[in-house]
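Okay, so here's the structure we're looking at.
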Amino acid sequence: MEGWTYEQTMLIAQAIVLCGQGIGAGLALIAGIGPGIGEGFAVGKAIETIGRQPEAKSDARNTMYVGCAIAESTGIYGLFIGMALLFFNPFLKYLGA
Amino acid sequence: MSMTAAINAVSTVFLESTEKFYDTELNLEVTGPKKMITLWADGKEVFSISETIVTGWVIILLVALLLKWLTSDLKVVPTSKKQAAAEWIVTFFNDLVTENLGAELVKFAPYIATVFTFALTGSLISIFGLRSVTADINCTGTWAMLTFILITYYKFKTNGFLGYFKSFADPIFLMAPINVLSEVATPVSMALRMFGNISSGMIISSIVYAALMILSHTVYNLLNLSIGALQYFSVFQIGIPAVLSLYFDFFSSVIQSYVFIMLTMAYIRNARGTE
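Residue numbers (the working numbering), protein chains in the order written: chain A, 1 to 97; chain B, 1001 to 1275.
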């Protein structure tokens, strides 16, 4: 950049990195849509099963919990990436400042 | 009163009470496990013991003492509630493993019970304000690797040495990279699932605590309370985080521990195939 000091350039570079991290964290949380739909579907089906066969209530509930926890994991990956971007600033160190 | 007037009134309160202004700066620090003991040699760090290991060993000692107490002076016909509890625990895990793996693999019950107990107590320790053992990827990664070794062992045993490598070329050899990828993804996803759940719960809890601290200090400022011991006491931190803790600490820990052992057993069952 013409006429800029080193400090000014680094400041702009850091601002761009932080900006990208913020946008990236927001985009990472889009991953929450999938588990939301999936878990809602699973719970709905479990309630249908319990309504049809009330004697299988505990089985349906346990399976639903395990299924929900597994379906949730993709959302958790997204959440974790978002958290890492927000709190650990993983890309600032590549600026070498 | 219009919005601008309200904001002006609030800012006047802030400006007038500058000498007793509560610090509302966000003091949030999210890090990995701290290093508790570090060994230095020639100014270089050669060896360090993290918070996870120390907490883990405390848990191991406590659980070992509890189990020692539970199994002391056993009788053939149980008369004490203590022995009934011990027998219930053993029966529960034996039944669980028999139901999922079959009667011939009931020898896995101690391993499954160990992983479940450690995962549960290691996650629930956050109720006492310590850092969860399972909020460290090294810990969950180790358990996932153990599961991976078990899976691979049973695949070798079922298919034979050549059959194991042949199973990667199923249905055609072009699928081999994808099969290898899915094989590697098993331990990674198991480790990340538990780690992600527990650590994100921990991070969300600490964000809520920090936010409630700011809220309390803002209310103190608005009420024009004089500064004093209240600086270190946030009234909104009482009670409100307990609701979140019920989900993130209690529910999440129990469900994730259960899912971990259920998945371990499901993978072992798949690896053995239909004999």
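In this text, a Cβ means the ideal position worked out from N, Cα and C, and glycines have one as well. Quantities reported herein were computed from a predicted structural model and do not represent experimental measurements.
At a cut-off of 8 Å between beta-carbon atoms, residue 1237 of chain B makes no contact with chain A. In this chain, the alpha helix (DSSP H) harbouring residue 9 of chain A covers 6-28.
Using beta-carbon distances, residue 79 of chain A counts as an interface residue toward chain B, with a partner under 8 Å. With fewer than 16 neighbouring CB atoms inside 10 Å of its own CB, residue 8 of chain A falls in the exposed class.
Contact between the segment 32-43 of chain A and the segment 68-77 of chain A is present, with at least three C-beta pairs closer than 8 Å. The beta-carbon of residue 58 of chain A is placed no less than 8 Å from the nearest beta-carbon of chain B. Boundaries of the alpha helix (DSSP H) around residue 84 of chain A: 57-87.
In the three-state DSSP reduction, residue 1252 of chain B falls in the helix class (H, G or I). Counting only Cβ-Cβ distances below 9 Å, residue 1193 of chain B has contacts in chain A at 69, 70, 72, 73, 76 and 77, in chain order.
The alpha-carbon separation between residue 30 of chain A and residue 1116 of chain B amounts to approximately 32 Å. When the Cα atoms are used, residue 1214 of chain B and residue 1208 of chain B turn out to be separated by approximately 10 Å. The beta carbon of residue 1203 of chain B falls within 8 Å of a beta carbon belonging to chain A, placing the residue at that interface.
In the structure shown, the three-state DSSP call for residue 1044 of chain B is strand.
For residue 43 of chain A, the enclosing alpha helix (DSSP H) covers residues 33-52. Counting along the chain, residue 1241 of chain B sits inside the alpha helix (DSSP H) bounded by residues 1240-1245.
Going by beta carbons, residue 1194 of chain B and residue 1093 of chain B fall outside the 8 Å limit. In the three-state reduction of the DSSP assignment, residue 1049 of chain B falls in the strand class.
Annotation for residue 1199 of chain B: 1135 place their beta carbon closer than 7 Å to its own, counting only its chain and skipping 5 residues before and after. The DSSP assignment places 1176-1222 as complete runs of the alpha helix (DSSP H) inside the segment 1175-1236 of chain B, in order along the chain (cut-off: 4 residues).
Of the candidates B:1062, B:1154 and B:1236, B:1062 places its Cα closest to the Cα of residue 1118 of chain B.
Closest in C-alpha terms to residue 1133 of chain B, from the list B:1051, B:1180, B:1158 and B:1183, comes B:1051. Contacts with chain A at 8 Å (Cβ-Cβ) include residue 1197 of chain B. In this structure, the CA atom of residue 1160 of chain B is about 10 Å from the CA atom of residue 1167 of chain B.
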